[in-house]
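Trainee: First the structure, then my questions, so here it is.
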Amino acid sequence: AEWAWLGWLPHLRPAHGQDCRLLLAYDRDQAAARTDELIRRLDDHVADSGTGHAGTAPAGARTVVVVDGDPGSAAL
């Protein structure tokens, strides 16, 4: 699938100091970088929110991750 059109969506523009122009990955290195950034943000959110309450959804933005094939493969 061709995903370049997603670049027009404002949701994919980095807003938290990520080292990229868009929150898209076209190869393994970019996928690893985006994944590392997401894990850091999740860790920061957990640390900032404290223990939370069991059974309640956390407040704030949601993140959707779409994987289409193997990043960096010839099939993409």
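In terms of this note's numbering, the sequence shown is residues 376 to 451. The beta-carbon is built from N, C-alpha and C at its ideal position, and this holds for glycine as well. Since the model is a prediction, treat every value here as computed from it, not as a measurement.
(1) Is it buried or exposed, Arg409, if we count other Cβ atoms within 10 angstroms and call 16 or more buried?
(2) According to DSSP, simplified to helix, strand and coil, what is Gly382?
(3) Using C-beta distances below 7 Å, list every residue in its chain close to Asp418, excluding the 5 sequence neighbours before and after it, in chain order.
(4) On the criterion of 16 or more Cβ atoms from any shown chain inside 10 Å, does Leu397 qualify as buried, or is it exposed?
(5) State the Cα-Cα distance for the pair Arg403 and Asp411, rounded to the nearest angstrom.
(6) Using the three-state DSSP reduction, which class does Gln393 fall into: helix, strand or coil?
Mentor: Concretely, from the data shown:
(1) That one is buried.
(2) Three-state result, Gly382: helix.
(3) none
(4) buried
(5) 12 Å
(6) Secondary structure at Gln393: coil, using DSSP grouped into helix, strand and coil.
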